[in-house]
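According to this note's numbering, the residues represented by the sequence shown are 5 to 506, in order. Built from N, CA and C at the ideal position, the CB exists for glycine as well. To keep things clear, I will list the structure first and then write my remarks on it.
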Amino acid sequence: MGENIFVLGALVAPLAGAVVALLFAKNNHAQRLVGLISSVVAWIFSTMVLLQVHQTGVQTYELGNWAPPYGIVLVADSLGGLFAFMVTTIMIGGMLYTLHSHDRCMTYPAFVPLFLLMEVGLVGAMLTGDLFTLFVFMELMVLASVSLTAISDDQFGLEAALKYILISSMGTLFLLLGIAAMYAALGTLNMADMARILLTGQRPFLAPASALMLLCAFLLKSAVFPFHFWQPDFHTTAPTPVSAMLSSIVVKVGVYGIIRLVTLLFIVEAPLLQRWLALLGIIGVIFGSLGALRTYNAKRMLAYSTFAQIGFILVGIGWGNTLAMIGAIVYAFNHAFIKSSLLMLMGVVASYTKVKTANFASIVGIGHKLPPLAGWLVLVGGLSLAGVPPLNGFISKLALIRGGVAQQDWVNLILLVSAGILTLIYTVRAWQHIFQRAPIPETTPTKEAGDSLLAPMLLISICLILGIVLAEPLLQLVTETVREIGDPNTYISAVRLPPEGP
5 MGENIFVLGA LVAPLAGAVV ALLFAKNNHA QRLVGLISSV VAWIFSTMVL LQVHQTGVQT
65 YELGNWAPPY GIVLVADSLG GLFAFMVTTI MIGGMLYTLH SHDRCMTYPA FVPLFLLMEV
125 GLVGAMLTGD LFTLFVFMEL MVLASVSLTA ISDDQFGLEA ALKYILISSM GTLFLLLGIA
185 AMYAALGTLN MADMARILLT GQRPFLAPAS ALMLLCAFLL KSAVFPFHFW QPDFHTTAPT
245 PVSAMLSSIV VKVGVYGIIR LVTLLFIVEA PLLQRWLALL GIIGVIFGSL GALRTYNAKR
305 MLAYSTFAQI GFILVGIGWG NTLAMIGAIV YAFNHAFIKS SLLMLMGVVA SYTKVKTANF
365 ASIVGIGHKL PPLAGWLVLV GGLSLAGVPP LNGFISKLAL IRGGVAQQDW VNLILLVSAG
425 ILTLIYTVRA WQHIFQRAPI PETTPTKEAG DSLLAPMLLI SICLILGIVL AEPLLQLVTE
485 TVREIGDPNT YISAVRLPPE GP
């Protein structure tokens, strides 16, 4: 409770890092070090916030000492604190990867500042208590990630960036219309104030329409069917650390927004929204798994896999019971570490080719040129993504299955388990293709050295720790989170809104 400066620090650290990095525009190594240091500082702040949330309750910070609902307030509850911690941890991995990467785009003076601004947008979206500020942070995240993809070494990077910015404008329109409808109906932009008014039983005419528009905006940000078609090109052509962030934590902003919709703002409309979420999630699981099974590129395979993994999370939110919600949040948290590590590993594989490609036809047998550790890391990451025990992916799927059993939705539960088997097939097949087969004449010529394995090794190690050592503490942490978001009054009272009436 109270004015917690750590909440602001988690947001300001990467912003200050971006400014300082600009001062070292002619010294790329110094820029990368500044980026890493500021990411570590942001992680320290977010870790302190998460600890304080679970020790003393929801933490807040009023910007400019303007009291809500008139001023902007940062709110770190259990959900926001957990997601902010997830973001800052993964971003350290991304910055570590840049330290030893040979991509030409990472030598541009704008790369590190843009990367840090993407972190500002991500952390801000998780911690803001104001709906319009959420829009501002999401757009900052989008513009930074689009710019980073546009300057990619990949020849199709600019095309993918333009495609996404056009599609994203549709999400922006949905988001702005939803915010405008909420403001017109309730006269406030503060999410706690909105929730307080809606909990009194007032159901403005525009509330259902606003719920639908906000849901569409968040579905597009998470690349959920039918708003998915921009994602494979965008995630595949982005620089490796950027694509790792896009597929692991950027898509989680939409997941975070959806959870806020059904647990805080639109509790009355939640059952209808959740039925649609479960349906769209199942479609995403099937489509994403089949797409990953049939695609031609390792990074593109993982991009399609993100469709499926987000689908798993949406089904858990759609089921809506306590166990299912625990499963959805655990899945979102663990998936961020698995997917970021696998994409970085595929970036390492591609970096050993002279033309830097992850096309399966070009990297057949290339694993013989890589350090032996790379093959083991890819195998462990793939098994974790498929949910093989005792890795953290197994904890995610087990928690979600328990929610499905409680819901007694047997058909969708069978489909989810089957999709997990498909995940095992395409991840193990990719590993065999790269590390077990002998090179063929079509294999692309290789280099003697490539990018460092340090960052993906760190993230894979976290996956092992989360699955073997910290599985029970993580489940307990998320259980407390679900218990807290199940009572909107906890969030509302923490913001210290003025009493209603004269």
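From which residue to which residue does the alpha helix (DSSP H) around glutamine 59 run? Counting from 1 along the sequence shown, the entry for residue 59 is found at position 55. Run containing glutamine 59: 32-60, per the alpha helix (DSSP H) assignment.
Quickly, what does DSSP pair valine 257 with across the bridge? List them, please. Walking along the sequence shown from the start, residue 257 turns up at place 253. In the DSSP output, where bridge partners are listed per residue, valine 257 has none listed.
Which same chain residues, not among the five before or five after asparagine 338, have their C-beta less than 7 Å away from its C-beta? Working through the sequence shown from its first residue, we reach residue 338 at position 334. Once the five neighbours on either side are set aside, the close Cβ partners of asparagine 338 are Asn396, Gly397, Ile399, Ser400, Leu470.
Rounded straight-line distance, which links the Cα of lysine 167 to that of threonine 483: Looking up residue 483 in the sequence shown gives position 479. Looking up residue 167 in the sequence shown gives position 163. Rounded to the nearest whole angstrom, the CA to CA distance from threonine 483 to lysine 167 is 39 Å.
Straight-line CA distance for threonine 132 to proline 492? Against the sequence shown, residue 132 aligns to sequence position 128. Against the sequence shown, residue 492 aligns to sequence position 488. Going by the C-alpha atoms only, they are around 16 Å apart.
Count the other C-beta atoms from every protein chain shown that fall within 10 angstroms of the C-beta of methionine 5, then say buried if there are 16 or more, exposed otherwise. The residue given as residue 5 occupies position 1 in the sequence shown. Bear in mind that a pLDDT of 48 at methionine 5, under 50, signals an unreliable position, so the number given afterwards is only what the model happens to contain. The residue in question, methionine 5, is exposed, as its Cβ has fewer than 16 Cβ neighbours within 10 Å.
Judging by CA-CA distance, which residue of Thr326, Trp280, Leu83, Ile464 is the nearest neighbour of alanine 410? Residue mapping note: residue 410 aligns to position 406 of the sequence shown, counting from 1. Considering only alpha carbons, the answer is Thr326.
Using the DSSP secondary-structure output, state which residues sit across from aspartate 134 in a beta bridge. For this step, residue 134 is matched to residue 130 along the sequence shown. Asn194.
From the DSSP output, in three-state form, read off alanine 80 for me. Taking the first residue of the sequence shown as position 1, residue 80 is located at position 76. The DSSP-derived three-state label of alanine 80 is strand.
Could you name each continuous alpha helix (DSSP H) segment of 4 residues or more that falls completely within the stretch 192-229, going from the start of the chain to the end? Taking only runs of at least 4 residues, the alpha helix (DSSP H) segments lying wholly in the stretch 192-229 are 195-203, 211-225.
Between the CA atoms of glutamine 63 and alanine 498 - distance to the nearest angstrom: As a working note, residue 498 is residue 494 in the sequence shown. As a working note, residue 63 is residue 59 in the sequence shown. It is roughly 7 Å from the alpha-carbon of alanine 498 to the alpha-carbon of glutamine 63.
Work out the CA separation of leucine 377 and glycine 369 for me, nearest whole Å. As a first step, residue 369 must be located in the sequence shown, where it is residue number 365. As a first step, residue 377 must be located in the sequence shown, where it is residue number 373. For the pair glycine 369 and leucine 377, the Cα-to-Cα distance works out to about 15 Å.
Using three-state DSSP, classify lysine 66 as helix, strand or coil. Looking up residue 66 in the sequence shown gives position 62. According to the sequence provided, residue 66 is glutamate. The question's lysine does not apply to it. Under the three-state reduction of DSSP, glutamate 66 is assigned to strand.
Quick one, are the C-beta atoms of alanine 215 and leucine 265 less than 8 Å apart? Here the question's residue 215 lines up with position 211 in the sequence shown. Here the question's residue 265 lines up with position 261 in the sequence shown. It is a contact, given that the beta carbons lie within the stated cut-off.
Is any heavy atom in the ligand PLP found nearer than 7 Å to the beta carbon of proline 492? Of the ligands one can find in the structure shown there are none, so the ligand PLP has no counterpart to examine.
Look at the alpha carbon of alanine 296 and the alpha carbon of lysine 256, and state the distance between them as a whole number of angstroms. Translated into positions along the sequence shown, residue 296 becomes position 292. Translated into positions along the sequence shown, residue 256 becomes position 252. So the two alpha carbons sit approximately 20 Å from each other.
With a 10 Å radius around its C-beta and 16 neighbouring C-beta atoms as the bar for buried, classify glycine 476 as buried or exposed. Translated into the one-based positions of the sequence shown, residue 476 becomes position 472. Looking at the sequence itself, residue 476 is glutamate, so the reference to glycine does not match. Its Cβ having fewer than 16 others within 10 Å, glutamate 476 is exposed.
So, is glycine 505 buried or exposed, given that buried needs 16 or more other C-beta atoms within 10 angstroms? The residue labelled residue 505 in the question sits at position 501 within the sequence shown. Confidence is the limiting factor: at glycine 505 the pLDDT is only 47, short of 50, which leaves the residue's position unreliable, though a coordinate-based value still follows. Around the beta carbon of glycine 505, fewer than 16 other beta carbons lie within 10 angstroms, which makes this residue exposed.
Based on Cα-Cα distance, which residue from Gly75, Ile472, Ile171 lies nearest to alanine 196? Stepping through the sequence shown from its first residue, residue 196 is reached at position 192. Nearest of Gly75, Ile472, Ile171 to alanine 196, Cα basis: Gly75.
Classify threonine 357 as helix, strand or coil using the three-state DSSP reduction. Locating residue 357 in the sequence shown gives position 353, where the first residue counts as 1. Threonine 357 falls in the strand class under three-state DSSP.
Sorted by chain position, which residues of the same chain lie with C-beta nearer than 8 Å to alanine 20's C-beta, five sequence neighbours on each side aside? Counting from 1 along the sequence shown, the entry for residue 20 is found at position 16. Hits under 8 Å: Ser42.
Express the C-alpha separation of threonine 153 and lysine 373 in angstroms, rounding to a whole number. For this step, residue 373 is matched to residue 369 along the sequence shown. For this step, residue 153 is matched to residue 149 along the sequence shown. Each residue's alpha carbon lies about 28 Å from the other.
Nearest to glycine 84 (by Cα), restricted to the options Gly68, Arg108, Val127: Translated into the one-based positions of the sequence shown, residue 84 becomes position 80. Glycine 84 has its Cα closest to that of Val127, out of Gly68, Arg108, Val127.
Run the CB neighbour count on alanine 14, radius 10 Å, all protein chains shown included, and call it buried at 16 or more, exposed below. Indexing the sequence shown from 1 puts residue 14 at position 10. Buried, by the Cβ-count rule.
Please check the pair leucine 224 and glycine 175, which I expect to be a contact at CB under 8 Å, by giving their CB distance rounded to whole angstroms. Sequence index remark: in the sequence shown, residue 224 carries index 220 (1-based). Sequence index remark: in the sequence shown, residue 175 carries index 171 (1-based). Leucine 224 to glycine 175, Cβ: 4 Å. Contact.
Taking proline 492 as part of the alpha helix (DSSP H), name the residues at either end of that continuous run. Stepping through the sequence shown from its first residue, residue 492 is reached at position 488. Proline 492: member of the alpha helix (DSSP H) spanning 492-498, first to last residue.
Between valine 334 and the rest of its own chain, which residues show a CB-CB distance below 6 Å, the 5 nearest in sequence each way excluded? As a first step, residue 334 is located in the sequence shown; it is residue number 330 there, counting from the start. The beta carbon of valine 334 lies closer than 6 Å to those of Ser400, Ala403, Val482 in the same chain, with the five residues before and after it left out.
Report the three-state DSSP secondary structure of asparagine 8 (helix, strand or coil). As a working note, residue 8 is residue 4 in the sequence shown. In the three-state DSSP reduction, asparagine 8 falls in the coil class, being neither helix nor strand.
Throw me the rounded Cβ distance for the alanine 423 and valine 289 pair, which I believe falls under 8 Å. To locate residue 423, count along the sequence shown from 1; it is residue 419. To locate residue 289, count along the sequence shown from 1; it is residue 285. Between valine 289 and alanine 423 the Cβ distance is about 5 Å, and since that is below 8 Å, they are a contact.
Could you name the residues of the same chain whose beta carbon sits closer than 7 Å to that of valine 359, not counting the 5 residues immediately before and after it, in chain order? For this step, residue 359 is matched to residue 355 along the sequence shown. Take valine 359, set aside five residues on each side of it, and the residues of its chain with a beta-carbon closer than 7 Å to its own are Thr448, in chain order.
Under 7 Å Cβ to Cβ from alanine 307, same chain only, skipping five residues before and after it: list those, please. Position 303 of the sequence shown, counted from the start, is the residue given in the question as residue 307. Cβ within range, chain order: Gln235, Pro236, His239, Thr240, Ser251.
So, do the stretch 426-438 and the stretch 45-63 have three or more beta carbon pairs nearer to each other than 8 Å? Under the three-pair Cβ rule at 8 Å, the stretch 426-438 does not count as touching the stretch 45-63.
Backbone secondary structure at asparagine 338 - three-state DSSP: Here residue 338 is taken as the residue at index 334 of the sequence shown, counted from 1. Asparagine 338 falls in the helix class under three-state DSSP.
Let me know if asparagine 194 comes out buried or exposed under the rule of 16 or more other beta-carbons within 10 Å of its beta-carbon. One-based indexing of the sequence shown puts residue 194 at position 190. Asparagine 194 is buried by the Cβ-count criterion.
List the residues that DSSP assigns as beta-bridge partners of asparagine 363. Position 359 of the sequence shown holds residue 363. Paired residue(s): Asn301.
Could you tell me which uninterrupted beta strand (DSSP E) segments, each at least 3 residues in length, are contained entirely in the stretch 378-427, listed from first to last along the chain? Counting only runs of 3 or more residues that sit fully inside the stretch 378-427, no beta strand (DSSP E) segment turns up.
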